[in-house]
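Colleague: Basically the working numbering = 1-based index in the sequence shown + 117.
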Amino acid sequence: MVSLRKRSLWISRKVSLLLEKNRRSVVSKGPSTASSKLPEVGTHILMKSYGVMIFIKNDYDPCVYKKISGSSVAYLVLYVDDILLIRNDVKMLGDIKAWLSTQFSMKDMGEASYILGIKIYRDRSKRMLGLTQSSYIEKVLKRFRMEHSKRGVLPMRHGIKLSKKQSPKTDEGT
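(1) If distances are taken between C-alpha atoms only, which option among 195, 209, 177 and 197 comes closest to residue 189?
(2) Please give me, in chain order, every unbroken run of the alpha helix (DSSP H) with length at least 4 that falls completely inside the stretch 178–229.
(3) By the three-class DSSP mapping on this structure, what secondary structure does residue 287 have?
(4) What does the Cβ neighbour count give for residue 172, buried or exposed, with the cut at 16 atoms within 10 Å?
(5) Can you tell me the Cα-Cα spacing of residue 260 and residue 187, whole angstroms?
(6) Do residue 217 and residue 235 come within 9 Å of each other at the CB atom, strictly closer than that value?
(7) Going by DSSP, name the residue or residues bridged to residue 247.
(8) Compare the beta carbon distance of residue 182 and residue 192 with 9 Å and say whether it is the shorter of the two.
(9) Taking the beta carbon of residue 213 as the centre, do at least 16 other beta carbons fall within 10 Å, making it buried, or is it exposed?
(10) According to DSSP, is residue 254 part of a helix, a strand, or is it coil?
(11) Please report the distance separating the alpha-carbon of residue 202 from that of residue 254.
(12) How many Å lie between residue 274 and residue 283 at the Cα?
(13) Using three-state DSSP, classify residue 282 as helix, strand or coil.
(14) If the criterion is Cβ atoms closer than 9 Å, does the pair residue 237 and residue 246 meet it?
(15) Please say whether residue 266 and residue 279 have beta carbons closer to each other than 9 Å?
(16) Indicate the three-state DSSP secondary structure (helix, strand or coil) for residue 267 in the structure shown.
(17) Label residue 256 either buried or exposed according to how many other C-beta atoms from any shown protein chain fall within 10 Å of its C-beta, with 16 as the threshold for buried.
Put into structure tokens, the structure is as follows:
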């Protein structure tokens with residue numbers, strides 16, 4: 118995704134203000150007739166009026182974008198020069214990948230198995246998707262020469278149900 122960093126993008130000030138107001142960002146293939154330049158193309162994504170897809174930027178994480186189309190939802194996660202696509206509709210995923218490949222030089226690496234050192238595991242028969250950091254924990258143990266130490270268990274029973282009634286009371290009534 119080196120092309121993300123090399124590309125210049127020009128948009129009109131009017132469009133820029135509209136995008137800012139709607140929390141949408143733009144990436145386009147080549148410059149349009151415009152007057153202001155976006156600062157970092159690599160952290161901006163897509164707008165429909167220029168013939169591209171709309172992704173809404175996440176309020177909590179600037180590298181996560183969401184696209185909703187009817188019952189279909191897709192997330193696009195950017196990390197440096199990698200993109201991770203998550204979706205609930207196979208056709209939508211194909212459309213997004215096809216569009217991205219027309220805009221950027223990219224290579225489909227297939228299904229993700231690790232992201233940021235966290236292992237992604239999936240059991241399609243049980244419709245289960247999960248994350249584990251066991252490889253990170255093993256790496257930390259090895260670094261501090263503790264890989265042969267005994268494994269322990271949590272000091273509480275598994276599956277215990279907690280409720281608000283069990284919490285301690287204070288004089289203030291909270």
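The beta carbon of each residue, even a glycine, is placed where N, CA and C say it ideally should be.
Modeller: Answer, in terms of the structure:
(1) Nearest neighbour of residue 189 by Cα position, chosen from 195, 209, 177 and 197, turns out to be 209.
(2) You should have 207–220.
(3) Residue 287 falls in the coil class under three-state DSSP.
(4) By the 10 Å Cβ count, residue 172 comes out buried.
(5) A direct Cα-to-Cα measurement between residue 260 and residue 187 gives close to 48 Å.
(6) No, the pair does not count as a contact, with Cβ atoms beyond the cut-off.
(7) Under the DSSP definition of a beta bridge, residue 247 partners with 238.
(8) Their beta carbons are under 9 Å apart, which means residue 182 touches residue 192 by this criterion.
(9) With 16 or more other Cβ atoms within 10 Å, it is buried.
(10) Under the three-state reduction of DSSP output, residue 254 falls in the helix class.
(11) Roughly 26 Å between the two C-alpha positions.
(12) Between the C-alpha atoms of residue 274 and residue 283 there is a straight-line separation of about 16 Å.
(13) Here residue 282 carries a helix assignment [DSSP, helix/strand/coil].
(14) Inclusion of residue 237 and residue 246 in the CB contact set at 9 Å is warranted, their separation being smaller than that value.
(15) Taking 9 Å as the Cβ cut-off, residue 279 and residue 266 do not qualify as a contacting pair.
(16) In the three-state DSSP reduction, residue 267 falls in the coil class, being neither helix nor strand.
(17) Looking at its Cβ environment, which holds fewer than 16 other Cβ atoms inside 10 Å, residue 256 is exposed.
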